[in-house]
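With the first letter of the sequence shown counted as 1, position 156 gets the number 151 in the numbering used here; the numbers rise by one all the way through.
Ideal placement from N, C-alpha and C gives every residue a C-beta, glycine not left out.
All figures in this text were calculated on a predicted structure; none of them were measured in a lab.
The structure under discussion appears below in the form of structure tokens.
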Amino acid sequence: FFHAVPAGNDNKKALTYAVRAAEHAASRFAYEDAISHYSRALAVMESRGESSDKQCELLLALGEQQRKAGQVAAAKTTFRRVAEFARTLHGQGKKQQGTMFLARAALGFAPGLAGVGVNSGSHDASVIELLQEALLAFGKKVSPLRARMLGRLAMELYWTSAVDQREPLCREAVALARKLGDPAVLAETLYAQHAALRSPSNADERLVLTNEIITLAEKIGDKEQALRGRLWRIVDLAELGEVSVADREFETFRQQAEA
């Protein structure tokens, strides 16, 4: 349908099918296929001259798949487009709508390793600034987005001199997630706490966190978060000298990754 209908014509079916194909590919962890389908969907919208919330939603979905596929530079470009659109909405007086998109762009913009952590030994000032901008716009709302942003900012500050800011940020993030009672958000903020506060002196505490992350992720069927938790659990066990247990955990990780 994408190729069958000339640009600018009524190609609503092409848009519908491209989005459905992208969502299906994403659900199967076929990141590159999802990127292709979301790109087609966006091309259809642009050919129709549309600029809307729907376009922003598609950009956010595209950016997420680009990040998961390791296309970090492309993902950053995509999330910048969302952030610019969000600022435009602010300028038009649509503050609440713009703030939500800005927050989601900020979370996506923080690249890490497929959304897993931060790049070792360095930090990206533009990511930190966008998270801080989004948090300022968001205010003190009791919201899953705010909890996630607090945790993400704590992680991004790991390789900066702002050592004293990390713990308050991630502790607040986890407390907010527990208050919300959302297991997915709690698993994410616990992961952020694990990454943001990692030091040679707290491997025991971190192992408790990874156990809870894995339990929460498996409870809600989030296979990717469960794998991220197991990856850190292997590291924690190795640091504690529990090599045989770490080896068994690695075998579980390998089997689940292949599945």
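7 Å Cβ cutoff met for residue i and residue j
| i | j | result |
| --- | --- | --- |
| GLN127 | ALA182 | no |
| ALA9 | PHE(-3) | yes |
| ALA149 | ARG161 | yes |
| ALA198 | GLU234 | yes |
| CYS51 | PHE96 | yes |
| THR184 | GLY216 | no |
| ARG99 | LEU55 | yes |
| TYR26 | LEU53 | no |
| ILE229 | ALA241 | yes |
| TYR186 | ILE208 | yes |
| ALA101 | ALA129 | yes |
| VAL169 | GLN188 | yes |
| PRO139 | LEU192 | no |
| TRP154 | SER194 | no |
Cα-Cα separation, residue i to residue j
| i | j | result |
| --- | --- | --- |
| THR11 | SER42 | 15 Å |
| LEU232 | ARG201 | 10 Å |
| HIS19 | LEU37 | 17 Å |
| GLN87 | GLU79 | 13 Å |
| ILE30 | GLN61 | 7 Å |
| PHE74 | SER47 | 15 Å |
| LEU292 | GLY236 | This structure leaves residue 292 out entirely; the chain is present only between -4 and 254. |
| VAL77 | SER121 | 15 Å |
| HIS85 | GLU253 | 44 Å |
| ARG173 | VAL137 | 11 Å |
| LYS90 | ASP177 | 26 Å |
| GLY103 | LEU57 | 10 Å |
| LYS49 | SER196 | 47 Å |
First through last residue of the alpha helix (DSSP H) which encompasses residue i
| i | result |
| --- | --- |
| ARG15 | 7 to 22 |
| HIS85 | 67 to 86 |
| LYS89 | Where LYS89 is concerned, there is no enclosing alpha helix (DSSP H), given that its DSSP letter is neither H nor E. |
| ARG161 | 158 to 175 |
| GLU246 | 238 to 253 |
| ARG256 | Outside the displayed range of the chain (-4 to 254) lies residue 256, so it cannot be described from this structure. |
| HIS189 | 178 to 191 |
| SER121 | 120 to 133 |
| ASP199 | 198 to 215 |
| VAL230 | 218 to 234 |
| LEU152 | Per DSSP, LEU152 belongs to no alpha helix (DSSP H) and is neither H nor E. |
Same chain, Cβ closer than 7 Å to residue i, neighbours up to 5 away in sequence not counted
| i | result |
| --- | --- |
| PRO163 | none |
| ALA179 | ILE215 and ASP217 |
| ALA69 | GLN61 |
Residues near residue i by beta carbon distance below 6 Å, same chain, minus five either side
| i | result |
| --- | --- |
| VAL39 | ASN6, ALA9 and LEU10 |
| GLU167 | LEU145 |
Cβ neighbours of residue i in the same chain (closer than 8 Å, five flanking residues each side left out)
| i | result |
| --- | --- |
| GLN251 | LYS218, ALA221, LEU222 and ARG225 |
CB contact below 7 Å: residue i versus chain C
| i | result |
| --- | --- |
| ALA149 | No chain C is present in this structure, which holds just one protein chain. |
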